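To start, the structure under review is shown below, and the notes come after it.
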Amino acid sequence: MHTSWAPVVLTLSQAFLAGALPARRVLGQSKRHFERDCDCDDQLYPFGDDTLTSPITVTADGETFIRGPPWQTSLVSDLLPTLQPTTNNDAATSTQPSSPLETSTISTESDQSYGPSTSPTLSAAETTGSSAAPSTIASPTYTSEITYVNPNLSFGTATITDLPSSQDPTATSAANPNPDTTGFINTTLQTGGRPPVQPFPTGNITVSSPTLEPLDSTAPFGTDTATESPSSITETLTLPVTTFETVVVNSTIVNIPVPTTTVVTAITVINTTVTSDGSLVSTSTVGTTVITTSGTAIIETMISASSTITETEAITLTTDVTASVLPTATSTCLLPMGCSGQDLFQPVGLGSPPANIGWRDDHPVPRLGINTDGGPIETNKFYQNIVLGSQTSPVFMMPYSLRWSKGSGNARSWGLAISHIDNNQKAYGPANPSIPGSPSSFYINPLGIESIILSAAELGPNTVMTSDSLLAFSANVHLQPAQGSASILTLPLVQGMAFVTAHYADLQPEIQSSVFFRNIAAAVPPKPGVYKYRVTLEDGKIWLIYAIPSSGVSPNLLLLSSTMLQGIPNWFGDIQIAKLPDPSLESYYDDAVGAYPTAGHVSGNAQGTTAQYSLSWTKGGAFASNTSLLMFALPHHVQSFESSTLRNVTNLVLTTPTKGEATAVVGDYWVLEETELPTSMAFAPWRPGSPQAQSTLSPAAIAAIQGVAAAEASQNMSAQSNLNSMYFSGKALSKFATLIYTMHDLSDQQDLARAALLELEDAFDVFARNQQEFPLVYDTVWKGLVSSASYVLHDDGVDFGNSYYNDHHFHYGYFIHAASVIGYLDPTWLTRNKDYVNALVRDIANPSSLDQYFPVSRAFDWYHGHSWAKGLFESGDGKDEESSSEDAMFAYSLKMWGRTIGDASMEARGNLMLSVMARSFQNYFLMESDNPNQPASFIDNKVTGILFENKADHVTYFGTDLSYVQGIHMIPVMPCSTLTRKQSFVLEEWIAYFADGAVRQVIDVQGGWRGIIMANLAIINPQAAFNFFTTPNFDMSWIDGGASLTWYIALSAMLGGSP
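Count the sequence shown with mature numbering (1 follows the signal peptide of the UniProt record, and there is no 0) and you get residues -20 to -1, 1 to 1039, in order.
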């Protein structure tokens, strides 16, 4: 048998057959389904015709070849017949097909070799003077001009270039020739308007003996307010009712004949050597052939976009309208338990703030790049950095972060850079050997690692960044090449989103990396019309890129350098980015691609001690109608998922900067459940579960309290509260309110309490009439109640940054608590003061988007489960919270004010917030030895100190003394403290820090911090606390200016410490 190489040459008739195929149909995304004709991962046929899916068999000199899928299939390469050995199917690769074909130009430039599947064995004689192996032949590369209809319903053209399925960089255009895989850290504490001031007046003004006279118990109580008549003021409001929805339009634009011209400039040739007679058969070529065919192209387009529909609703309100008759923003019940119980999110009010609060339109911080319809704007949310300062500090969506590169970084990009940090990339501060376990003093995630950057060729030094829809869970950010440009890159930023999604409108996509691309590989499209790429960076991390064109035109992403992947000009569509931690989990992303969240919503309902609340999302994207979202949940979410949501939890996890592992969950909404709401908690000391705290004081406790209470009630309440700080003033009012409640309800001193209450009402009245040194103003720029101090003193740090929206929930929470006690003891007082207190509630915790005077939930973050204290200050490490306990005080004050005024929705919402906070604090702030979410080398600190979005630092803004750092998470010690601070945690903390012989043993702590620490001890050892506070000749310097000895004695006694 003769072994031979036979020449197989494409004939002119075969070339004609290739060009004379029917004209290509141009179809929209919904109809693009193609048949595979081999097992190759990334090969698709761009035609649906049976003619092309049936193999053609060709025989040459005894060898059989199949005219099958081309080895480089794309728009036009499938017009060329390919000869391929029957056993060689693994050379075929493809790029995803595109939209309408008009003209194509093909050239052959390649070094790919083809031949029989089994190489012949030749003798030396047989190989003399002849080739022993197939010669290098051409693999076609080409350009193709595409005509398409863009989402503006006009025709466009694009030139598509043939690309290999796997691309490796051959050059770099980086500022630094080395990949930036480490970023940088900023160990400077970014104070953001917080001066180094203790969180209470350092001295507690005391009196040597009681001077307060009891009020005659026969006199009507509160007669000065009892005669006040209800206000008859009415107000007509026009409220925008905003919805976010995806608009999908399928429309046939036009039926036109499209001439298709195929110019074949070269032909595939297989060199063949016949060894039977020793002769060499020369290669043959076919001249250029031009074939023109004509057909009808049905041009379809699918338009998918997020739109905002604004309607108006006119409502006439009176000031005495009750919350139950106000409209609610919740329209759909998502809760398995139903929504027949108490709606948790009814508006507090819709009218303007009280008339004695002036309005100002000159806030020191301008609205930078914000496009607004005039509604309220959030000030303490995760995306705030995009509208502050340089606009280049990161936004932490969890688990990803995003920042505007603004021409910086290794890639010199003007796009938006995505980063995700793994645990092994965290940086740690020095260990503190004085604390058991020698924990790290801080940990931080590096900044500036620009793994993937979403950009466009048009972006440059004139680029402007704007934003809109700054809502509770989301915001939209836009990049334009210049002010007013119609070309725009839009990214919806939503907490927990699994993809970072960018919508390109008439731009040339550029996907960049400062970490450097190692390889770009085209992958099997998960859905029709989706182009998928696997990206390996130089740090070894794998990212996925999904491109979904609006008009079916491939982005044709070409790797230009180690930092640049570039698409075609004038492109419309979505590009979605996700990090792949484990290749076995890739299908979760594939299933969810084509849908993305555009806004988040919270709703909920309570029945008894159980509440269910939902986090739901409006979504957009080409596949939004038939694809469920993939969203990342934090650990405290997963712990409280209701069973129906728990079934949708996946094993795809990504590390977050400071909240442990985020877990991907499939679904357009989650249902979360808290089954032990603290509904029985009131003003008295309280314990969760069983056994409860004592309901009354023992005679011994009453005897210990009465003399102390009489002296403390004789202090000058106005002098201690009428200060130049809303924070310190609020603490004083709350302190005296707690004192008076204890006297009235617990220590059998009703008449003395009545007299003290009148003093407290007068002190509070200064603020209700807005006549304090720095009155509140209604800021019409950001829409909220702020201190006028910074306007007057031109100091952003005065009153802890209140004018800049720092710490409002701390400051106003104390006022609200004081008001709840006053209104409880004197209901007639509410008539004159309810609107003022409700205005404070609305500023920090407005539950409804129907209220157009204040943003929704300014402080509390329903995704993170706690509040953020930092307001309008740019911060490289994001938002932060220093005092978890004052955050709990804020929620407790809402609960009790709701109870006092009969607002059942507010009271139930406060109960839920307390339960969610307790769960969140115990996962992230208050660290027991088995905490799974914070780094193992950090948890022995027991508290995080200041918890930022990007780091945890075991310090305070006012000092590093360990009594400060631990104590700031204790103050104020209130009934809710036993809920948020578990006994097991308090015991671990006490042993580590305050026990005899510990690093900060309590006997060495001076000033008000000793009283705070001992009051906290009452949670686990109430008898020791009671004995301490009832010590003869007690040193009153151990009671801070925001607390009373009376309350501490009652607290420790009712928690079980009194004889």
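Ideal Cβ placement from N, Cα and C applies to all residues, glycine included. From a predicted model like this one, the values you see are computed outputs, not experimental measurements.
Under the three-state reduction of DSSP output, Lys639 falls in the coil class, being neither helix nor strand. Bridge pairing for Gln592: Asn585, Glu653 [DSSP].
Under the three-state reduction of DSSP, Asp745 is assigned to helix. Spatial neighbours of Ser678 in its own chain (CB-CB distance under 8 Å, excluding positions within 5 residues in sequence) are listed in chain order as Ala1033, Ser1038, Pro1039.
Around the beta carbon of Val646, a 10 Å sphere encloses 16 or more other beta carbons of the protein chains shown; the residue is thus reported as buried.
Under DSSP, the beta-bridge partners assigned to Asn499 are Thr516. For the pair of segments examined, the stretch 402 to 414 was found not to touch the stretch 893 to 903: the number of CB pairs separated by less than 8 Å stays below three. As computed with DSSP, Thr446 is found in a beta bridge with His458. In this model, Ala733 and Ala884 are separated by some 28 Å (Cα to Cα). Under DSSP, Tyr526 takes part in a beta bridge, and its partners are Lys512, Gln556. In summary, Glu741 is buried, with 16 or more beta-carbon neighbours lying within 10 Å of its beta-carbon over all protein chains present. When secondary structure is reduced to three states using DSSP, Gln729 falls in the coil class, being assigned neither helix nor strand. When rounded, the separation of the alpha-carbon atoms in Ala743 and Gly947 is 28 Å. Take the alpha-carbon of Val582 and the one of Ser596: they are about 6 Å apart.
Note that the stretch 514 to 534 does not touch the stretch 446 to 458; fewer than 3 beta-carbon pairs, one per stretch, sit closer than 8 Å.
Asn130 is classed as buried because its beta carbon has at least 16 other beta carbons within 10 Å across all chains shown. The beta-carbon distance between Asn782 and Met706, rounded to whole angstroms, is 6 Å. This is short enough to meet the 8 Å contact definition. According to the DSSP assignment, Met611 belongs to the beta strand (DSSP E) that extends over 610 to 613. Here the alpha carbons of Val821 and Asn702 stand approximately 21 Å from one another. The shortest C-alpha to C-alpha distance from Ile992 to any of Pro1012, Met1016, Asn425, Ala972 is the one to Met1016. Of all alpha-carbon atoms in Val761, Pro179, Ala995, Tyr721, the one lying nearest the alpha-carbon of Asp341 is that of Val761.
Rounded to whole angstroms, the Cβ separation of Pro416 and Ala972 is 5 Å, and the two are in contact under 8 Å. Here Val495 is buried: its Cβ has 16 or more other Cβ atoms, across all protein chains shown, within 10 Å. Ala613 has its alpha-carbon roughly 37 Å from the corresponding atom of Leu540. Shown here, Gly580 sits in a strand according to DSSP, grouped into three states.
Around the beta carbon of Arg980, 16 or more other beta carbons lie within 10 angstroms, which makes this residue buried. Taking a contact to require three or more Cβ pairs closer than 8 Å, the stretch 914 to 926 and the stretch 612 to 632 do not qualify as touching. The C-beta of Val772 has fewer than 16 other C-beta atoms within 10 Å across all chains shown, which makes the residue exposed. Assignment of beta-bridge partners to Asp933 by DSSP yields Phe422, Ile926.
Here Thr1026 is near Ile685, since their CB atoms are less than 8 Å apart. Asp759: member of the beta strand (DSSP E) spanning 756 to 759, first to last residue. Distance from the CA of Cys313 to the CA of Cys319, rounded to the nearest whole angstrom, comes to 6 Å.
DSSP, reduced to helix, strand and coil, places Glu968 within a helical segment of the structure shown. Bridge pairing for Phe135: Val129 [DSSP].
According to the DSSP assignment, Arg383 belongs to the beta strand (DSSP E) that extends over 381 to 384. Buried is the label assigned to His724, since at least 16 other Cβ atoms lie within 10 Å of its Cβ.
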